[in-house]
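Asks: Handing you this structure, nothing more for now.
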Amino acid sequence: MKFGKEFRTHLEETLPEWRDKFLCYKPLKKLLKYYPYPPPADDSSNSDQIDSRQVFADTTNLSSAEDDGVRPAEDLQDSFVRILNEELEKFNDFYVDKEEDFVIRLQELKERIEKIKEKNCKNGEFASESEFSEEMMDIRRDLVSIHGEMVLLKNYSSLNFAGLVKILKKYDKRTGGLLRLPFTQVVLHQPFFTTEPLTRLVRECEANLELLFPSEAEVVESSSNAVSTSHQNNSPRISAQTSSTLGDENLDIYRSTLAAMRAIRGLQKASSTYNPLSFSSLLKNEDDETVTAENSPNSENLQSKDESEKEDNGPSP
Amino acid sequence: MEARPVQRSGSRELSNLTRTSSIPSTPNPSSAAAAEVAFMRSENNNNNTQFMSKPLGGQNYHLLASSNGGAVGHICSSSSSGFSTNLHYSSMEKHYASSSSNAAAAAALRDDSSWCSDSLHGGFLDFPENHHQASQIEDGGGIGAAFDDIQKRNDWHEWADHLITDEDPLLSTNWNDLLLETSSQSDSKKTLQVQPQPQIVQQQQPSPSVSVELRPVSTTSSNSNNGNGKARMRWTPELHEAFVEAVNSLGGSERATPKGVLKKMKVEGLTIYHVKSHLQKYRTARYRPEPSETGSSEKKLTPLEHITSLDLKGGMGITEALRLQMEVQKQLHEQLEIQRNLQLRIEEQGKYLQMMFEKQNSGLSKGTASTSDSPSKSEQEDKKISDSKDHLTPEETGKCKEPESPQPKRHKTDN
C-alpha cells in the first residue's frame, strides 16, 4: 500500500508530460486484487492505459473453453505478461527517446560553451560583457535544466523498476505463480534500466558545471546541509523564493526533483510487511556496519521462518 | 507460431527459456538461427575473454566511448524487450519484424536490448580490437559500474544461450528445468563455443577499418523491417558525434539530407529512419538557441525580470537559485545511485538463492523418484532443505526470505 501511495503522489507531482509514461501500477494492482473477477468498472481507472476488462475478457474466453482451474491462471499469466511487455516497450521507447534528446542537447551546450570561449579568446577583452554574462547564465541555466531532467529520467527508470518488482511480487503472491524472478531478470537488461550511458552524461554535465562555475564547489558544504534539511521542511518556502528566478521549466524540474526525493525516502522507510530484502533493512544493515548472525535481521527471520515452516509442514502431506 | 528467427526480433526471451532443448541442438535447422546462436556464443566468448581483466572490461564497455573513429551505436529493437510466453509470440512479432537481422534477433533472444549496447561491443572487439585498444578511454567510475553490470549480463546471457532453439516452446513455462539447465550446462558450453566461432568470423566480416560498425545488424538476413523501421536506435555521444561531423561536412543541419548523412556516416545497421528522426531532433535543438542569441531582447528581458523581482522577493539571485537546484539534483542523483545498486543487489541475491533452491530441489526430486515414498520421508527431506537454507542465510546476511515464498508453493505442487 505504501508504495502505491508514494508512487501515485509522485506521479501527481512530477513533470506533466511524463505522467502517463510511468508504470500503470494501480490498474495492475486492481486487476490482481479482483482476479478472477473483473475489476469494478470505474471511470478513473478506465482512463488508465490498460484495459483491464479486456484482459479479463481474454481470460474468460479462453477459460470457458476449457476446464476451470488450470486455464485461468495461465491465461492471466499470459495477459499479465503481455501487459507488462507493453509497459516495458513504453518505458524503453520513452527512455531511449529522452536519452537521445539529452545527447543532442548536451552536445549543443558544449558547442555553445566552445563558441563563447572562442569569442573571448579572440578579443582581448570581452566583446560585450553583459552579453557574455547573459550567455553564460543561459548556458548555466540550461546545464542545470538538462542535468535535472537527466536525473529525473534516472528516477523514472528506478521507480518503474521498483513498481514492476512490486507488482510482480503481488502477482506471485496472488496467483502462486513464479513470475517475479525470471521477469525481473528480463527487466534488468532492458534499455530503460541500463542507465550507465545516462549516468555518464550526468557526470559530464556536473563536470562542466564545475568547470564553468567553480564557485559552486565552495558553496557545496555549506549549502548541502542547509539543503538537506531545508528541502524537507521548508520546501514550500524555498520554492516560492526560487520560483521567480528559475523560470518555469526549471521550476517544474525543481519541484519534480523534490518529489522524487520524497518518493525515494518513502521507499526507504520500513513498510508494514517485514522484508529483509527491502531497502529499509538493507540500509539499516549498512548503517550498523557489523552484520553478524545475531544482529542481522535474518536472526529474527529464522525464528519466524521456523514457525511458518512448522505451519507448512503440519497440514501438508 | 514458431521458427521465424530471422524476422523475430521480438520478445522471444522467455519463450526461449521454455525451450528446454539446448546446446545439443546447435546445428539449427535454419542457418539464421545458427548464425544467431553462433553469434551469441562468439560474443559470449568475447565477453568472457574481455571481462577477465577489468581494463578490458572497461574497454569493452567503452567501446562506446572510443574515439578511434569507431563511434558505435546500437540498435535496440525495442521488441527485444519483454518477456513472452508463447501465446504472445505472434502478437509481438508483428511489431518488430524489424531491422533485427539474425544477429539482432540474436540480440533479442538475449532478452536484452542492452545486449545491443554492451555485450554486442564484445562482438565488435572481435575485429576492430586492435584499433580500439589503442584508444581506450578511461573513466574510472564508469568502468567499475559498467564492469559489474556487464558481468551480470554476461552470466545471464550464458544461460539464456542454452535455451535457444527453433523448436516450439513448451506451453507450460517450466522455470525449474530452466534454471537447472543453466547450472548444469554452463560447463559444456565453453567447449561448444569454440566450434561456432570460426563460423561467425566468416559470416560476419565487417570491414575492420575505421568505419563505424553496428554489430547486431548484419545484412545477411532478409530484413523485413523496411516497412516498419521501428527498431530503436540508442544514440550514444560517440555516434552522435559522427552524426554531427557528417552533417557539418554536408553543409550544416539545414542543408544536410538524411540520405547524405547516412552515407557519410557509414554505420552499418543505421537506417534512414533513424537518421531522419535524429536529424529532425537535431534541427529543432539547434533552431531555438540561435534565434535566442540574435533575437535577444524579449527573451533576455525575462531573466532580468526574474532577477529584479527576485531581489524584491528574497535576495536569492539566479546563481543562488541555480546552485540550490543543482544541489538538490545532485543529491537526488546520489540517492538514485544508491537505490539502483540496492535494487541490483537484491535481484542478484534473489536469483542466486533461487538457483540454489532449484539445485536442491533437483537433487531432492531425484532422490524421491527412486523410492516409493511415504510422506514422512519427504517431510524429512523438506526439513533437510530448510536446514541447509538456514545454513545459507547466515552466510548471506539474511537475504533469503524472498525466494522462500516460491519454495513452499513448489513443494505443494510436487506433493
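Keeping their order, the protein sequence lines are chains A and B. Residues in the first sequence are numbered consecutively from 306, following my numbering. Residues in the second sequence are numbered consecutively from 4, following my numbering. Every residue gets a Cβ at the ideal spot worked out from N, C-alpha and C, and that includes glycine. Given the structure is predicted, the values throughout are model-derived calculations rather than measurements.
(1) Can you tell me whether Arg-235 (chain B) is helix, strand or coil according to DSSP?
(2) When the Cα atoms are used, what is the spatial distance from Met-566 (chain A) to Lys-262 (chain B)?
(3) At a Cβ threshold of 8 Å, is Pro-240 (chain B) touching chain A?
(4) I need the DSSP call for Lys-474 (chain A), collapsed to helix, strand or coil.
(5) Measuring CA to CA, which of A:Ala-568, A:Pro-487 and A:Glu-423 is closest to Tyr-461 (chain A)?
(6) Taking the alpha-carbon positions, what's the Leu-411 (chain A) to Pro-502 (chain A) distance?
(7) Apart from the five residues just before and just after Gly-481 (chain A), which ones in its own chain have a Cβ nearer than 6 Å to its Cβ?
(8) Over the uninterrupted alpha helix (DSSP H) stretch that includes Gln-490 (chain A), give me the two end residues.
(9) With respect to the alpha helix (DSSP H) encompassing Phe-497 (chain A), which residues constitute its N-terminal and C-terminal limits?
(10) Is there contact between the region 488 to 504 of chain A and the region 449 to 467 of chain A, where contact requires at least three CB pairs shorter than 8 Å?
(11) Could you tell me the distance, in whole angstroms, from the CA atom of Lys-335 (chain A) to the CA atom of Pro-343 (chain A)?
(12) Could you list which residues in chain B have their beta carbon closer than 9 Å to that of Gly-297 (chain A), in chain order?
(13) So with Cβ pairs under 8 Å, would you call Ile-321 (chain B) a contact of chain A?
(14) Run down chain B in chain order and give the residues with a C-beta less than 7 Å from the C-beta of Leu-473 (chain A).
(15) Got a sec, what are the start and stop residues for the alpha helix (DSSP H) Pro-344 (chain A) sits in?
(16) Less than 8 Å between the C-beta atoms of Gln-357 (chain B) and Leu-469 (chain A), yes or no?
(17) Would you report the Cα separation of Gln-352 (chain B) and Gln-346 (chain B), rounded to the nearest angstrom?
(18) For a contact defined as C-beta to C-beta under 7 Å, what are the partners of Ala-288 (chain B) on chain A?
(19) Whose CA, out of A:Thr-499, A:Ala-564, A:Glu-311 and A:Leu-414, lies closest to the CA of Tyr-400 (chain A)?
(20) When you compare the CB of Leu-265 (chain B) with every CB in chain A, is at least one pair closer than 8 Å?
(21) What does a CB cutoff of less than 6 Å around Glu-318 (chain A) pick up in its chain, not counting 5 residues either side in sequence?
(22) Pick out whichever of B:Leu-282, B:Glu-350 and B:Gln-342 has its Cα sitting closest to the Cα of Lys-574 (chain A).
(23) Just how far apart, CA to CA, sit Asn-390 (chain A) and Met-442 (chain A)?
(24) Nearest-angstrom Cα distance between Tyr-559 (chain A) and Gly-366 (chain B)?
(25) Going along chain B in order, which residues have a C-beta closer than 7 Å to the C-beta of Asp-325 (chain A)?
(26) With DSSP as the reference, label Leu-336 (chain A) as helix, strand or coil.
(27) Over what stretch of residues does the alpha helix (DSSP H) that includes Cys-277 (chain A) continue unbroken?
(28) Alpha carbons only, please: which of A:Arg-508, A:Tyr-339, A:Ile-409 and A:Ile-472 is nearest the one belonging to Lys-333 (chain B)?
(29) Starting from the Cα of Ser-561 (chain A), find the closest Cα among A:Gly-309, A:Val-491 and A:Leu-320 and give me that residue.
(30) Tyr-285 (chain B) and Ser-252 (chain B) look like a contact to me (Cβ under 8 Å); what is the Cβ gap, rounded to whole Å?
(31) Can you grab the Cα-Cα spacing for the pair His-315 (chain A) / Cys-329 (chain A), in whole Å?
(32) Kindly list the residues whose CB is nearer than 6 Å to the CB of Gln-490 (chain A), restricted to its own chain and excluding five residues on each side of it in sequence; keep chain order.
(33) For Asn-425 (chain A) and chain B, any beta-carbon pair shorter than 8 Å?
(34) Is there a Cβ from chain A that is less than 8 Å from the Cβ of Tyr-285 (chain B)?
(35) Which chain A residues sit within Cβ distance under 8 Å of Leu-367 (chain B)?
(36) Measure from the alpha carbon of Ala-249 (chain B) to the alpha carbon of each residue in B:Gly-272, B:Met-236, B:Val-278 and B:Ala-234, then state which is nearest.
Replies: Once the coordinates are examined:
(1) strand
(2) 44 Å
(3) yes
(4) helix
(5) A:Ala-568
(6) 13 Å
(7) none
(8) 485 to 493
(9) Note, Phe-497 (chain A): premise wrong, no alpha helix (DSSP H); not H, not E.
(10) yes
(11) 9 Å
(12) Limits of chain A in this structure are 306 at one end and 622 at the other, which puts residue 297 (chain A) out of reach.
(13) yes
(14) Within chain B, no residue comes near Leu-473 (chain A); the closest Cβ sits about 10 Å away, beyond 7 Å.
(15) Neither: Pro-344 (chain A) is in no alpha helix (DSSP H) and is coded neither H nor E.
(16) no
(17) 10 Å
(18) Ile-409, Arg-410 and Glu-413
(19) A:Thr-499
(20) no
(21) Ala-564
(22) B:Gln-342
(23) 43 Å
(24) 55 Å
(25) Within chain B, no residue comes near Asp-325 (chain A); the closest Cβ sits about 18 Å away, beyond 7 Å.
(26) helix
(27) Nothing can be reported for residue 277 (chain A): it is not among the residues displayed for chain A, which extend from 306 to 622.
(28) A:Arg-508
(29) A:Leu-320
(30) At roughly 14 Å, the Cβ-Cβ gap does not stay under 8 Å, so Tyr-285 (chain B) and Ser-252 (chain B) are not in contact.
(31) 13 Å
(32) none
(33) no
(34) yes
(35) Neighbours of Leu-367 (chain B) on chain A: none; closest Cβ ~15 Å, over 8 Å.
(36) B:Val-278
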